[in-house]
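*Asks:* Numbered by the numbering used here, the letters in the sequence shown go through residues 1 to 87 in order.
Beta carbons are placed, not taken as given, at the ideal position from N, Cα and C, and that holds for glycine.
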Amino acid sequence: MNNSAGRIKPPKYSMEKRLHKVYGDAALSGTTCRDWFRRFKEGDFDVDDRPREGRPKTFEEAELAALLGEYPCETQQKLSPASGVTS
């Protein structure tokens with residue numbers, strides 16, 4: 001596939017596959033890669049998460065991390081009442 005400058009342009013998926021090959025399971029998801037590449041192309045280099053629709057979190061991640069540190073063998077369901085998480 002050629003672009004207007006006559007250079008060969010790799011398929012879109014190739015960068016995602018390259019990142020996954022290098023970083024394995026720690027690589028970003030394909031959806032995140034495509035979203036970031038689109039943003040970069042538009043000149044937006046902010047990689048922070050965008051606000052989402054839907055129900056907001058009902059607990060602080062730091063609280064849950066502290067509980068998991070104290071009780072590493074407990075399930076999220078058992079820790080939910082202690083952290084104030086509601087379903």
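(1) Going by DSSP in three states, F45 sits in which element: helix, strand or coil?
(2) Would you kindly work out how many angstroms separate the C-alpha atoms of S29 and E70, rounded to a whole number?
(3) Rounded to the nearest angstrom, what separates E63 and P56 at their Cα positions?
(4) Over what stretch of residues does the alpha helix (DSSP H) that includes E63 continue unbroken?
(5) Does DSSP put T75 in a helix, in a strand, or in coil?
(6) Could you check which residue in D35, R52, G54, E53 has the C-alpha nearest to that of D46?
*Replies:* Here's the rundown:
(1) coil
(2) Put simply, the backbone Cα of S29 is about 31 Å away from that of E70.
(3) 16 Å
(4) 61-70
(5) coil
(6) D35
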